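To start, the structure under review is shown below, and the notes come after it.
Spelled out as structure tokens, the structure:
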């Protein structure tokens with residue numbers, strides 16, 4: 018009975034694991050396959066047994082693809098992956114800058130709301146949160162026209178500003194919860210010793226808050242890194258990021274799934290690393306601090 | 451640094467009042483610019499016939515015409531039906547499956563930490579990557595159909611049959627977001643005090659009784675929070691569908707949700723006035739829905 022129960026548990030656990038990890042495995046496996054192995058109608062599951070792994074796809078996405086793939090076949094539009102490196106750089110710049118801004122301004126606001134008396138404080142916090150409920154598509158139309166008028170389309174600054182505003186509510190809510198947990202006596206003791214409030218903040222409070230700010234930054238990074246809807250319509254050329262790019266290379270001609278997989282793996286890898294780094298804060302992070310453990 | 455010497459400490463001219471203003475205003479300005487300005491702009495645009503590229507002198511006021519047209523347009527309502535067809539099954543399945551997986555993982559076993567983290571990866575990924583790869587797996591001769599046929603089934607037209615497309619979207623959403631529900635349910639389960647179960651054991655209460663009267667009441671408020679988050683996100687989600695079956699929601703517009711309809715009207719169709727009006731209808735619906743759900747949450751919290 019006991020053994021049957023144990024076995025049942027491991028069978029179920031196995032099924033759950035297969036469901037959630039197989040697609041991930043399939044991306045990684047495909048990224049190491051030659052074209053023929055990728056599109057083979059019989060799935061090639063096991064490396065070295067079913068297919069011989071190759072790193073060609075990775076070479077191709079970083080260093081311009083060779084113009085022929087096989088016997089004189091023409092290169093489809095999706096085979097031109099030369100833009101990947103530039104898009105990756107754009108993604109890093111836009112994600113990095115917007116995260117820094119959001120964490121910086123958001124932490125200041127969170128501190129003020131936590132410590133000072135602010136008129137209409139609960140209304141302010143609700144307003145901050147409510148901006149996250151807006152469907153991005155509703156924001157997109159006015160922003161599109163506005164950015165068009167201001168010449169901010171296809172610029173770093175435009176998307177950085179948008180992503181900063183996306184992440185601000187999150188940072189404010191999470192950091193406020195955090196500051197509420199730090200006793201006020203910390204700063205008050207420092208101010209008794211002759212620090213001004215401002216000095217107390219940057220010498221006492223901020224060092225204390227660094228770990229929380231780092232975890233918050235990671236969530237902010239992931240949101241900006243993954244964003245597609247606004248990036249796809251606002252930044253189409255020089256300042257375009259990776260997600261719209263991945264979608265665009267699928268659009269025309271025969272899809273080079275192997276290269277697409279390689280690009281996806283490179284793009285997703287930092288997110289996986291970050292997920293491991295913040296795994297103990299995930300719950301708080303994904304619920305805006307509504308659920309704590 | 452000399453802070454203890456005679457004289458006032460540095461920055462003491464920055465009083466709390468000043469600091470409060472200084473710290474709050476950048477956030478407020480950015481959010482007003484990105485949230486309030488677009489809302490006002492959309493509202494005023496929704497009463498005009500403006501297109502995406504109208505010059506100011508080409509824009510005419512049309513009063514409530516856009517709204518009246520939309521409310522009388524069956525296709526516009528149909529988009530909300532499609533949205534519900536995707537949101538309701540997605541959230542329900544995620545809730546049940548997430549809860550089941552949480553029950554399964556709520557015990558000690560080797561490698562639990564690593565397995566948990568691996569299961570959580572899908573929800574952190576970009577919807578674009580997730581949708582692209584499910585698209586790859588769901589192709590007519592893709593891996594899903596290969597195994598369905600190997601097991602003796604008929605191949606499924608995941609991405610081309612209008613009756614299947616909404617379910618394909620649901621499947622992708624379930625894959626991506628069940629971990630979220632699981633995470634929340636697990637937090638609830640670990641909050642149930644052990645002594646309650648022990649007391650139930652003494653009273654020889656059955657498994658169902660324990661579940662119904664101990665586990666469920668404690669976990670329900672948390673699950674409600676999960677439902678609220680998922681419903682709001684699924685309602686406004688367009689990227690997964692966009693990449694999975696195309697920006698019109700695939701064959702027969704089978705998965706063209708309200709959000710994609712706004713995109714189709716305002717951006718692709720250049721009809722900004724009508725698109726803005728539809729966006730506002732979407733907003734009213736989501737606000738009503740959010741209120742309803744939050745009221746439910748307060749009810750279960752007691």
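Protein chains in written order, with the working numbering: chain A, 18 to 310; chain B, 451 to 752. Even for Gly, the Cβ is constructed at its ideal location relative to N, Cα and C. Since we're looking at a predicted model, the values are computed, not measured.
{"Query": "Can you give the Cα-Cα distance for residue 530 (chain B) and residue 700 (chain B), rounded to whole angstroms?", "Result": "16 angstroms"}
{"Query": "Between residue 233 (chain A) and chain B, is any beta-carbon pair separated by less than 8 angstroms?", "Result": "no"}
{"Query": "Tell me which residues of the region 675-695 of chain B have at least one Cβ-Cβ distance to chain A shorter than 7 angstroms, keeping chain order.", "Result": "675, 679, 682, 686, 688, 689, 693"}
{"Query": "State the Cα-Cα distance for the pair residue 483 (chain B) and residue 165 (chain A), rounded to the nearest angstrom.", "Result": "15 angstroms"}
{"Query": "Could you tell me the alpha carbon to alpha carbon distance between residue 588 (chain B) and residue 657 (chain B), rounded to whole angstroms?", "Result": "40 angstroms"}
{"Query": "Just to confirm the assignment, what range does the alpha helix (DSSP H) spanning residue 603 (chain B) have?", "Result": "Per DSSP, residue 603 (chain B) belongs to no alpha helix (DSSP H) and is neither H nor E."}
{"Query": "Label residue 48 (chain A) either buried or exposed according to how many other C-beta atoms from any shown protein chain fall within 10 Å of its C-beta, with 16 as the threshold for buried.", "Result": "buried"}
{"Query": "What's the call for residue 558 (chain B), buried or exposed, on a 16-neighbour Cβ count within 10 Å?", "Result": "exposed"}
{"Query": "Is the CB of residue 480 (chain B) under 8 angstroms away from at least one CB in chain A?", "Result": "yes"}
{"Query": "Taking Cβ-Cβ distances shorter than 9 angstroms, what residues in chain A pair up with residue 661 (chain B)?", "Result": "Within chain A, no residue comes near residue 661 (chain B); the closest Cβ sits about 17 angstroms away, beyond 9 angstroms."}
{"Query": "Is residue 115 (chain A) a contact residue of the ligand PLP, with contact defined as CB to any heavy atom under 7 angstroms?", "Result": "Among the ligands in the structure shown, none appear at all, so the ligand PLP cannot be discussed."}
{"Query": "Residue 167 (chain A) touches chain B at which residues, Cβ-Cβ below 8 angstroms?", "Result": "Correct list: empty, because the minimum Cβ distance to chain B is about 11 angstroms."}
{"Query": "Using the C-alpha atoms, what's the distance from residue 217 (chain A) back to residue 207 (chain A)?", "Result": "6 angstroms"}
{"Query": "By DSSP, does residue 93 (chain A) sit in helix, in strand, or in coil?", "Result": "Because the pLDDT at residue 93 (chain A) is just 44, under 50, the model does not fix this residue reliably, and the value given afterwards should be weighed accordingly. In the structure shown, residue 93 (chain A) sits in coil (DSSP, three-state: anything other than H, G, I, E or B)."}
{"Query": "Taking the Cβ atom as the reference point for each residue, do residue 711 (chain B) and residue 685 (chain B) lie within a distance shorter than 8 angstroms?", "Result": "no"}
{"Query": "Check whether the region 621-635 of chain B touches the region 680-694 of chain B, taking contact to mean three or more Cβ pairs, one atom from each stretch, closer than 8 angstroms.", "Result": "yes"}
{"Query": "Could you tell me whether the Cβ of residue 20 (chain A) comes closer than 8 angstroms to any Cβ of chain B?", "Result": "no"}
{"Query": "Please classify residue 185 (chain A): is it buried, with 16 or more other beta-carbons within 10 angstroms of its beta-carbon, or exposed?", "Result": "buried"}
{"Query": "Measuring only the C-alpha atoms, how far is residue 306 (chain A) from residue 195 (chain A)?", "Result": "9 angstroms"}
{"Query": "Drop a sphere of 10 angstroms on the beta-carbon of residue 663 (chain B), count the other beta-carbons inside from all chains shown, and report buried for 16 or more, exposed for fewer.", "Result": "exposed"}
{"Query": "Do you know offhand how far residue 80 (chain A)'s Cα is from residue 243 (chain A)'s?", "Result": "24 angstroms"}
{"Query": "Does the Cβ-Cβ distance between residue 690 (chain B) and residue 579 (chain B) come in under 8 angstroms?", "Result": "no"}
{"Query": "Using 8 angstroms as the threshold, is the C-beta distance between residue 120 (chain A) and residue 241 (chain A) below it?", "Result": "no"}
{"Query": "With H, G and I counted as helix, E and B as strand and the rest as coil, what does DSSP make of residue 511 (chain B)?", "Result": "strand"}
{"Query": "Run through the DSSP bridge pairs and tell me what residue 64 (chain A) is partnered with.", "Result": "A:68"}
{"Query": "Please tell me whether residue 153 (chain A) and residue 251 (chain A) are closer than 8 angstroms, where the distance is taken between their beta carbons.", "Result": "no"}
{"Query": "Would you tell me roughly how many angstroms separate the C-alpha atoms of residue 560 (chain B) and residue 34 (chain A), rounded to the nearest one?", "Result": "14 angstroms"}
{"Query": "Please go through the same chain and pick out, in chain order, the residues whose beta-carbon is closer than 6 angstroms to the beta-carbon of residue 733 (chain B), but skip the five residues on each side of it.", "Result": "none"}
{"Query": "My assumption, with CB atoms under 8 angstroms, is that residue 171 (chain A) sits in contact with residue 254 (chain A). Please give the rounded CB distance.", "Result": "5 angstroms"}
{"Query": "Residue 454 (chain B) CB to nearest chain A CB: under 8 angstroms?", "Result": "Residue placement at residue 454 (chain B) is flagged as unreliable, the pLDDT there being 49, under the threshold of 50; the coordinate-derived value follows with that caveat. Taking Cβ atoms only, chain A reaches closer than 8 angstroms to residue 454 (chain B), which makes this a yes."}
{"Query": "Express the C-alpha separation of residue 42 (chain A) and residue 63 (chain A) in angstroms, rounding to a whole number.", "Result": "10 angstroms"}
{"Query": "Using the Cβ count rule (16 or more neighbours within 10 Å means buried), how would you classify residue 613 (chain B)?", "Result": "exposed"}
{"Query": "If you drop the 5 nearest sequence neighbours on each side, which residues of the same chain put their C-beta closer than 6 angstroms to that of residue 619 (chain B)?", "Result": "536, 691, 705"}
{"Query": "Once you ignore the five residues that flank residue 249 (chain A) on each side, which residues in its own chain have a CB closer than 8 angstroms to its CB?", "Result": "260, 261, 264"}
{"Query": "Determine the chain B residues that contact residue 173 (chain A) at a beta-carbon separation under 7 angstroms, and present them in chain order.", "Result": "Near residue 173 (chain A) there are no residues of chain B at all, since even the closest Cβ is about 16 angstroms away, more than 7 angstroms."}
{"Query": "Mind pulling the chain A residues with CB within less than 8 angstroms of residue 634 (chain B)?", "Result": "300, 304, 308"}
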